[in-house]
Amino acid sequence: MPAVQTSIDVALGVAIPSRNARGRIARLGPVVDSILANHGYPPVIERLLAEALVLTALLGSLLKEPQGQLTVQAQTEGGMIDLLVCDYLGGELRGYVRHDPEKVASAAANPTLEELFGTGYLAITFDQPEASERYQGIVPFEGKNLAEAAQSYFAQSEQIPSLVRLAADKRDDHWHAGGLLLQHLPEGEEGRERLHTRLDHPDWPHVAILGGSVKADELTDPQLPLRDLMWRLFHEEDEVRTLGEVALARGCRCDPDYVRSVIAKFPADEREHMVGDDGFIRVDCAFCSSSFAIEPGQLT
Ligand SMILES: [Zn+2]
Numbered sequence: 000m001p002a003v004q005t006s007i008d009v010a011l012g013v014a015i016p017s018r019n020a021r022g023r024i025a026r027l028g029p030v031v032d033s034i035l036a037n038h039g040y041p042p043v044i045e046r047l048l049a050e051a052l053v054l055t056a057l058l059g060s061l062l063k064e065p066q067g068q069l070t071v072q073a074q075t076e077g078g079m080i081d082l083l084v085c086d087y088l089g090g091e092l093r094g095y096v097r098h099d100p101e102k103v104a105s106a107a108a109n110p111t112l113e114e115l116f117g118t119g120y121l122a123i124t125f126d127q128p129e130a131s132e133r134y135q136g137i138v139p140f141e142g143k144n145l146a147e148a149a150q151s152y153f154a155q156s157e158q159i160p161s162l163v164r165l166a167a168d169k170r171d172d173h174w175h176a177g178g179l180l181l182q183h184l185p186e187g188e189e190g191r192e193r194l195h196t197r198l199d200h201p202d203w204p205h206v207a208i209l210g211g212s213v214k215a216d217e218l219t220d221p222q223l224p225l226r227d228l229m230w231r232l233f234h235e236e237d238e239v240r241t242l243g244e245v246a247l248a249r250g251c252r253c254d255p256d257y258v259r260s261v262i263a264k265f266p267a268d269e270r271e272h273m274v275g276d277d278g279f280i281r282v283d284c285a286f287c288s289s290s291f292a293i294e295p296g297q298l299t
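Residue numbers (numbering that gives the first Met the number 0): 0 to 299.
What follows is the structure, given as structure tokens:
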């Protein structure tokens, strides 16, 4: 018997044509493991970043340009975290979280979104260089979890009825994460710049109820193919279409030459203050935790 074809580290385009719904379903495994391996975060932060990476994959795979970039950023205060940044470029994901380890250590096992982040903003930036198209939406960071915060982003910033579900689970020392994004986009609509939106279109509540019934363990189960899961959720519909699949990978774009060129622009006396006890200027990449050691003498 042939092995079951499952797809991991992919985002799959999906559509329910009769209901004017489209979106993405994604599942991540090794990509999340490899991104988290470089950070050494506590479990509660790992789970959050895993979910944020799924969200980034769902949104990034909506970009039409192969060199389009998508950034998800939460900037907050008063919680355990003050900054979360994830981005997507050509199927490559990266992300990091700036947090207060003491606050995280003294927190309950399942902190609320407010305990995690306090108050602040969620910004999502779509950048498509070929079309010179840059769009950034910023909304208050609110909801019970990251998925709700993303939903409220779509409702407030883009006025597109949207469903977002995210889940992440660590089993046998490996992370399994998954997510679903569905949007009500009548035929021909591309999203954004819409003149008129019907948040009460009868198709939408139906899609939102069926899509919203997805369970966290269905999203994360590596044995359950994404196509089967879509069919399980929407089998009463005439047609559930699956579109292109985007392969996801871990990627960072930090570059020693670029780092050196940035440091070289500082005045000499400021550079002197950057030199550590070992004689090097050390610059760390927040995204991938790479550390670059620059010899001050090589900068001029
Ligand atoms: Zn890096």
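Each residue gets a CB set at the ideal place from its N, CA and C atoms; glycine is no exception. The structure presented is a predicted model; accordingly, all values stated were derived computationally and were not measured.
Taking the alpha-carbon of residue i as reference, which of the options has the nearest alpha-carbon?
{"i": "LEU54", "options": "ILE293, GLY119, GLN150", "result": "GLN150"}
{"i": "TYR87", "options": "MET79, ALA51, GLU101", "result": "ALA51"}
{"i": "PHE265", "options": "VAL138, ILE280, ARG170", "result": "ILE280"}
{"i": "LEU92", "options": "GLY211, GLN74, ALA292, THR70", "result": "THR70"}
{"i": "ALA14", "options": "SER6, GLN222, GLY243", "result": "GLY243"}
{"i": "CYS304", "options": "VAL258, GLU101, ILE137, GLU294", "result": "One cannot answer for residue 304 here, as it falls past the ends of the chain, which runs 0 to 299."}
{"i": "GLU147", "options": "ASP171, GLU113, PRO128", "result": "GLU113"}
{"i": "GLU129", "options": "LEU62, ASP254, PRO139", "result": "LEU62"}
{"i": "GLY28", "options": "ILE7, GLY39, ALA263, ALA20", "result": "ILE7"}
{"i": "CYS85", "options": "ALA167, LYS214, ALA56", "result": "ALA56"}
{"i": "ALA167", "options": "ASP268, PHE286, ALA49", "result": "ALA49"}
{"i": "TRP174", "options": "THR219, PRO185, LYS214", "result": "THR219"}
{"i": "ASP277", "options": "ILE262, ALA263, MET229, PRO295", "result": "PRO295"}
{"i": "ASP202", "options": "LYS214, GLU217, LEU184", "result": "LEU184"}
{"i": "ALA263", "options": "ILE293, GLN127, ASP254", "result": "ILE293"}
{"i": "GLY78", "options": "ALA106, VAL282, GLN68, ARG240", "result": "ALA106"}
{"i": "GLU271", "options": "CYS251, CYS253, GLN297", "result": "GLN297"}
{"i": "LEU82", "options": "PHE140, ASN109, GLU64", "result": "PHE140"}
{"i": "GLU132", "options": "ASP254, GLU64, VAL274, CYS251", "result": "GLU64"}
Have a look at the DSSP bridge pairing and note the partners of residue i.
{"i": "LEU320", "result": "Outside the displayed span of the chain (0 to 299) sits residue 320, for which this structure offers no information."}
{"i": "SER290", "result": "ASP283"}
{"i": "THR241", "result": "VAL13"}
{"i": "LYS346", "result": "Residue 346 lies beyond the stretch modelled for the chain, which goes from 0 to 299, so this question has no answer here."}
{"i": "PRO41", "result": "DSSP output for PRO41 lists no bridge partner at all."}
{"i": "PRO139", "result": "TYR120"}
Are the Cβ atoms of residue i and residue j separated by less than 8 Å?
{"i": "LEU145", "j": "LEU47", "result": "yes"}
{"i": "ILE44", "j": "VAL96", "result": "yes"}
{"i": "GLY210", "j": "LEU165", "result": "no"}
{"i": "ILE159", "j": "GLN182", "result": "yes"}
{"i": "PHE116", "j": "ALA73", "result": "yes"}
{"i": "ILE34", "j": "ARG249", "result": "yes"}
{"i": "ILE123", "j": "GLY142", "result": "no"}
{"i": "HIS38", "j": "SER288", "result": "yes"}
{"i": "GLU76", "j": "THR111", "result": "no"}
{"i": "GLY177", "j": "ARG26", "result": "yes"}
{"i": "GLY90", "j": "ALA246", "result": "yes"}
{"i": "LEU232", "j": "SER260", "result": "no"}
{"i": "VAL138", "j": "LEU121", "result": "yes"}
{"i": "PHE286", "j": "GLY94", "result": "yes"}
{"i": "PRO16", "j": "GLU235", "result": "no"}
{"i": "VAL103", "j": "PRO204", "result": "no"}
{"i": "GLN127", "j": "GLY59", "result": "no"}
{"i": "VAL282", "j": "ALA20", "result": "no"}
- Which residues are close to ligand 1, meaning CB closer than 6 Å to any heavy atom, in chain order? CYS251, CYS253, CYS284, PHE286, CYS287, SER289
- Task: Return the chain-ordered ranges of every alpha helix (DSSP H) run that is complete within the stretch 246-279 and spans a minimum of 4 residues.
- Result: 255-263, 267-273
- Segments of 3+ residues assigned as beta strand (DSSP E) that fall wholly inside the stretch 67-135: 68-77, 80-88, 91-98, 117-127
- Considering only residues of the stretch 212-237, which uninterrupted alpha helix (DSSP H) runs meet the minimum length of 4 residues and lie entirely inside it, listed in chain order? 215-219, 225-233
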